[in-house]
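Engineer: Residue numbers (this note's numbering), protein chains in the order written: chain G, 82 to 302; chain W, 300 to 401; chain D, 27 to 799.
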Amino acid sequence: MSLQVFTFLLAGVIVVSGAIGVVLSKNPVHAALFLIQTLFGVAVEFLVVEAHFLAAIQVIVYAGAIVILFLFVIMLLGVDRAEDMRVEPIIGQRPAAIVTGGALLGLLLAVIASSDSLTGGRSQKGALDATDQLGAPLPNVNQLAESIFTDYVFAFEVTGLLLTVAVVGAVVMARRIPGALQPLPRTALDASREAAAEAALSEAAEDAADDGVDVDSAGEV
Amino acid sequence: MGELTHNYYLVLGAVVFSIGAVGLLVRRNPLVMFMCVELMLNAVNLTFVGLAWGLNDIGGQVAVFFVMVVAAAEVVVGLAIVVAIMRRRDGATSDDLSALRG
Amino acid sequence: MIDFVYLVPLLPLLGFTTLVLFGRRLGEPAAGWLATAAIGGSFLSAVLTFFGLRSLEGEERVVTKTLFEWVPVGDFSVDVAFLVDPLSVAMILFVTGIGTLIHLYSIGYMHGDENYSKFFLYLNLFTFSMLMLVLGNNLLLTFLGWEGVGACSYFLISFWFTDEANASAGKKAFVTNRVGDWGFMVATFLAFATVGSIDYLTLNGTASQMSTPVVTGIVLLLFVGAMGKSAQFPLYLWLPDAMAGPTPVSALIHAATMVTSGVYLLTRVNGLLYEVTERAGWATNLIAWVGVGTALFAATIAVAQNDIKKVLAYSTVSQLGYMILAVGVGAYVAAIFHMVMHAFFKALLFLGSGSVIHGMDNDQDMRRYGGLQKLMPITAGTFIIGWLAIAGVPPFAGFWSKDEILLGAWDSGGLNGKALWLVGLITALLTAFYMSRQVFMTFFGRYRYNDPDASEVDEAWSAYLADAEATSVSASAAAAETAQAHTDAIAAHAEASEAFSTAKIDAATVSGDDEESAKKAIEAADRALTSSAEAEVETKESSEAASAAATTASVALGDAQAAESARSGPALGEPDDAGEAASFLPEAVAARAEHHPHESPWHMTAPLVVLAGLSIVGGILNLPFTKGLHFLEQWLEPALAHEHVVNASAATKWILAFVAIAAGAVGILVAAQTYLQHRRDPALVERPILADAWGYDRVVSAFMGGPGTKLFDAIAWFDATIIDGMVNGVATTVRDGGSVVRRLQSGFVRSYALGISLGSVALLVWFFVRTAA
């Protein structure tokens, strides 16, 4: 087992365990921390195949900016409460999700297994092992930069525009509107939830009555 | 085991993608759902990078670069939406936002 | 200079748009002058186009001016293009020329109407549509104009729409025309489906390659369209009712322009008609017979009409029948010639009748006219010229053109041609008769306007009788009353003498102080007795007088009743007829007596004079004497490749002409005897069945009102249930399906995400299966 494979496997364990942690942790703060773990693992995987620049921005942009943004929002809104993982309001959603996920995984692996050889074409230029005139290997950043600013320059400009639009949109949507806020429309789920709460309340009241406790004080529990 | 091939990356990508997909489907907190989307995007990024290495082509890495930019934009807008919703109802889950029911 | 043709429809369109936008603001009379200027400019452009076309030689005179490609569908294409050839130029010349005169006339006629600018707006739109109809180089563009004139006709007939009768006349015209339009549309479809082209040059050019059923079908269907617009039997119904519109409209639409469009259309496709004549002669023969039949039919009805405009309306139907006859026998030049001449004299007659109606305070009943030639000299003079023209008196316009048609009919061969000619000749005689009747009743004879008519005399008589009866009754009542008073007086006298004798006896029995008072009582009783005796004498006298008065009154009533029952025959023309009842005549008559007919203003008489001039000299266009004088025929030659060549000898022509003149003369003479010299009773010709239009209109109305309605209800049911049912069924299915599928839209984002996931799994399966296979 080469060092490369070993590193890959080690990082792979970190990535997968982090991913599972994101899905399973009840508290969104924990999920964000697991996400950081996964993202760091992915950065290591990038390094293994000499994608140095991508590894760097994976850490800086993803782990450094995006996840921090997540954490900011969680803290800002105070939604860091645990999600009740035991209930599932949509009937059949969870088994269907697990079956779908399993099928997805199985099929993807099957596709990978059934195609051993790479038959895809190569682009005209931009081989990873390209060298300069002196025969020295070109640094990854230089190669990437050359590609982005020549072949993909239009896409690059467009993503710049996209980011600007996204920022403006975020500012517009997240700004505080003066006056009372429009409440969200009630949904069927609200009604069923309220009915359940009421049922629980009356059940508690009955229990309290049975126990000879004052009903009003039971209601406040 | 032997030498590292791009197939390692494809398998890892497939695993992470499936985990992300399941997470997206079972979690109700919109923030966590976003994180799962990020997982899926990273899985795709892994695939891209692995294939770029396997094919000895910088193009895959360029694609990852753009995916990251788009992911950043998506997160910015998505979180703004979450903020706007949460302001109206504290602790709303994605299931509460079913006003567009047919 | 041919490019001026673009201006010809453009100017009325501009006039229309301007009036739509600013008409109300322009008001009277600026709106009218603007509209007139637009049509006048159009006429000048038409004249320039004419000279432009004249500068070309022979076959070059057929020019297509394309504006733009309108409907490009694969190989098939319809352009917005003008076909400028001698035929269309002849048409636009007279449409715009007469249109200008009628616009000018309307300025005066519509004076004071509250919708003044709207009227001119419609007139301009109408002229524009008519010009598109004429200039269009294909059936579709012509159809555009065809529908445009139909719609404008509807607007204008029901222009005074607040009156129910006008509104329904407009609807009648519209609906009847739709029947004809059906023919036009199906003909267009047929041409498109079989020939693949709908422009006239292609159709005429390829007529010889079409199969006989197709070419016959197209021609007959176009003829159905022509029947509607050119008011041929059985679709003529709308035209007489269309007289509800303002008179300039009657002149413009129902005499000069729109009604000629059917004839124009058939002439336009003369190549097809020629093929039909060659291969399926029965079809063109049918056209000829429908034409001449309508001519005769309408002429018989015109004889018995009393409304001045109705006579002209039926006359128009009749004259259009002549044109259709000419088209049917292949005498296209004669048809166009008569169309132009008819436009001159019928517009003149209509405008003249409008002038009369205007002068006679909107009264249209000819029975109340008479003697107007002294009061309205210009109108009368021009109207008489129009009359001579339509009656076929040489050298006026109508004679030449009608003679050409009759010659064409005679020459169309065989017994059939002779029969057509004979019916045409009888119609000519009737035409002369009813037009003379109209002129004599309107302009000659005694001035009858303040004469009461029959119903008014009846009314006066019944008022008079009622009055006499009332007098008689009240007189006998008075007599009875006085007789009663006399009886009372006798009774009072008897009572008074009784009281007197009682008083005397009382006086005899009393004495002393009472004697004085007894004497007084006797005196009082005596006075009472004397006065009662006087009263008796008086009441006796008055009673005798009252009974005498009652006798006189009842005798007078008897006389009145006798006179009323003795009154018989037409009340017209005999002013003494009303007799003593005159003082009981309704106020309407008195109002009419106050009215003084007057000549119309110059805007109205000037067009009359111009049209009268044209009606006199119009015949110059196509004099029959030598080939060199056939100006119209030479001009139209490039457009009419298949003009029927007359084979009749010069002698035959002369004889036919003299026979026609003789027929006209007979008609005029009979009318003069009947209506000027009163030697015959007019009731001999004015049969009720003729006045009722042979009952045809009534029968159609009854059918449409009764069984027809049921049929239409059935069709409406079919449409609403089956046809709409299919459409609605599709909609219902979609809606029901939607309400089922709708449940999938749960609103839960995660459900949608699951759907996406399942979709990607399915895609993967498909990829896998495909690569594995």
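All residues carry an ideal CB built from backbone N, CA and C; glycine is no exception.
Give me the chain G residues within the contact set of S317 (chain W), using Cβ-Cβ distance strictly less than 8 Å, ordered along the chain.
Structural biologist: Here the neighbours are G182, G183, L185, L186 and L189.
Engineer: Please decide whether T768 (chain D) counts as near chain G, where near means a Cβ-Cβ distance under 8 Å.
Structural biologist: In the sequence as presented, Thr is not what sits at residue 768 (chain D); that position holds Arg. With 8 Å as the cut-off, R768 (chain D) does not count as an interface residue toward chain G.
Engineer: Out of D:L351, D:L166, D:A509 and D:I411, which one is the CA nearest neighbour of K444 (chain D)?
Structural biologist: Nearest C-alpha to K444 (chain D): D:L351.
Engineer: Which class does A667 (chain D) belong to by DSSP, given the choice of helix, strand or coil?
Structural biologist: Of the three classes helix, strand and coil, the one that applies to A667 (chain D) here is coil, per DSSP.
Engineer: How about V222 (chain G): is its C-beta nearer than 8 Å to some C-beta of chain W?
Structural biologist: Not an interface residue.
Engineer: How would you list, in chain order, the residues of chain A whose beta-carbon sits under 8 Å from the beta-carbon of A320 (chain W)?
Structural biologist: As a matter of chain content, chain A is missing from the structure shown, whose protein chains are G, W and D.
Engineer: For A576 (chain D), which residues of its own chain have a beta-carbon under 6 Å away from its beta-carbon, when the five flanking residues on both sides are left out?
Structural biologist: Hits under 6 Å: A501, S502 and A505.
Engineer: Give me the chain D residues within the contact set of I171 (chain G), using Cβ-Cβ distance strictly less than 7 Å, ordered along the chain.
Structural biologist: Here the neighbours are F774, R776 and S777.
Engineer: According to DSSP, is P318 (chain G) helix, strand or coil?
Structural biologist: Because chain G spans 82 through 302 in this model, residue 318 (chain G) falls outside it and cannot be assessed.
Engineer: Could you say which of D:A689, D:A511 and D:G645 lies nearest to I452 (chain D) if we only look at CA atoms?
Structural biologist: Ranking D:A689, D:A511 and D:G645 by Cα distance to I452 (chain D) puts D:A689 first.
Engineer: Which residues, taken in chain order from the stretch 363–375 of chain W, show a beta carbon closer than 8 Å to some beta carbon of chain G?
Structural biologist: Those would be V363, F364, F365, M367, V368, V369, A370, A371, A372, E373, V374 and V375, in chain order.
Engineer: Any C-beta of chain W within less than 7 Å: which residues of the stretch 82–105 of chain G qualify?
Structural biologist: Cβ contacts with chain W come from M82, S83, Q85, V86, F89, G93, V96, V97, A100, I101, V103 and V104.
Engineer: Verify the CB distance criterion: does A398 (chain W) have a CB-CB separation below 8 Å to chain D?
Structural biologist: Answer yes: the Cβ-Cβ gap between A398 (chain W) and chain D drops below 8 Å somewhere.
Engineer: List the DSSP bridge partners of K91 (chain D).
Structural biologist: K91 (chain D) pairs with D:F108.
Engineer: With DSSP collapsed to three states, give me the class of T188 (chain D).
Structural biologist: Note: T188 (chain D) maps to coil in three-state DSSP.
Engineer: Just how far apart, CA to CA, sit T214 (chain D) and V106 (chain D)?
Structural biologist: Roughly 16 Å separates the two Cα atoms.
Engineer: Report buried or exposed for E600 (chain D), applying the criterion of at least 16 other Cβ atoms within 10 angstroms of its Cβ.
Structural biologist: Unreliable positioning characterises E600 (chain D) in this predicted model, as indicated by a pLDDT of 44, which lies under 50. The coordinate reading is nonetheless provided below. E600 (chain D) should be labelled exposed.
Engineer: Would you say L323 (chain W) reaches chain D, if we count a Cβ-Cβ gap shorter than 8 Å as a contact?
Structural biologist: L323 (chain W) counts as touching chain D.
Engineer: Going by Cα to Cα distance, which pick from D:P98, D:H368, D:V696 and D:A268 is closest to Y224 (chain D)?
Structural biologist: Looking at the sequence shown, residue 224 (chain D) is not Tyr but Ile. With distances taken between Cα atoms, I224 (chain D) lies closest to D:P98.
Engineer: Can you name the residues that DSSP bridges to G162 (chain D)?
Structural biologist: According to DSSP, G162 (chain D) bridges with D:F108.
Engineer: Could you tell me whether any Cβ in chain D is nearer than 8 Å to the Cβ of V140 (chain G)?
Structural biologist: Chain D contact via Cβ: absent.
Engineer: D394 (chain W): buried (16+ other C-beta within 10 angstroms of its C-beta) or exposed?
Structural biologist: Buried, since its Cβ has 16 or more Cβ neighbours within 10 Å.
Engineer: Given a cut-off of 8 Å, decide if T88 (chain G) and V130 (chain G) are closer than it, judged by their beta-carbon atoms.
Structural biologist: Their beta carbons are not under 8 Å apart, which means V130 (chain G) does not touch T88 (chain G) by this criterion.
Engineer: Given L135 (chain G), which residues of its chain have a CB within under 7 Å of its CB, disregarding the five upstream and five downstream residues?
Structural biologist: Taken in chain order, the residues that qualify are F127.
Engineer: Run through chain D and tell me which residues come within less than 7 Å of A177 (chain G), C-beta to C-beta.
Structural biologist: Those within 7 Å of A177 (chain G) in chain D are L780.
Engineer: Just verifying my parser: in three-state terms, what is the DSSP assignment at T232 (chain D)?
Structural biologist: Three-state DSSP puts T232 (chain D) in coil, outside helix and strand.
Engineer: So which residues of chain W does T212 (chain G) contact, with C-beta pairs closer than 9 Å?
Structural biologist: By Cβ distance, chain W contributes nothing, its closest Cβ being about 13 Å from T212 (chain G), past 9 Å.
Engineer: Tell me whether the beta-carbon of T75 (chain D) lies closer than 8 Å to the beta-carbon of M117 (chain D).
Structural biologist: Not a contact, by the Cβ cut-off of 8 Å.
Engineer: Taking only the alpha-carbon atoms, compute the straight-line gap between L311 (chain W) and W352 (chain W) and give it to the nearest angstrom.
Structural biologist: Near 15 Å, if we compare the C-alpha coordinates of W352 (chain W) and L311 (chain W).
Engineer: Cβ of V381 (chain W) less than 8 Å from any chain G Cβ?
Structural biologist: Yes, because at least one Cβ of chain G sits closer than 8 Å to the Cβ of V381 (chain W).
Engineer: In this structure, does DSSP put S81 (chain D) in helix, strand or coil?
Structural biologist: It is coil, neither helix nor strand.
Engineer: Taking DSSP as the reference, what is the three-state secondary structure of F738 (chain D)?
Structural biologist: If DSSP states are grouped into helix, strand and coil, F738 (chain D) belongs with the helices.
Engineer: Determine whether the Cβ of S765 (chain D) lies closer than 8 Å to any Cβ atom of chain G.
Structural biologist: Not an interface residue.
Engineer: Cα-Cα, which of G:L189, G:L282 and G:E238 is closest to V787 (chain D)?
Structural biologist: Checked all of G:L189, G:L282 and G:E238; the closest Cα to V787 (chain D) is G:L189.
Engineer: So, with DSSP's three-state summary, where would you put V99 (chain D)?
Structural biologist: Correct three-state label for V99 (chain D): strand.
Engineer: When burial is assigned at 16 or more other CB atoms within 10 Å of the CB, is L710 (chain D) buried or exposed?
Structural biologist: Answer is exposed; the Cβ neighbour count stays below 16.
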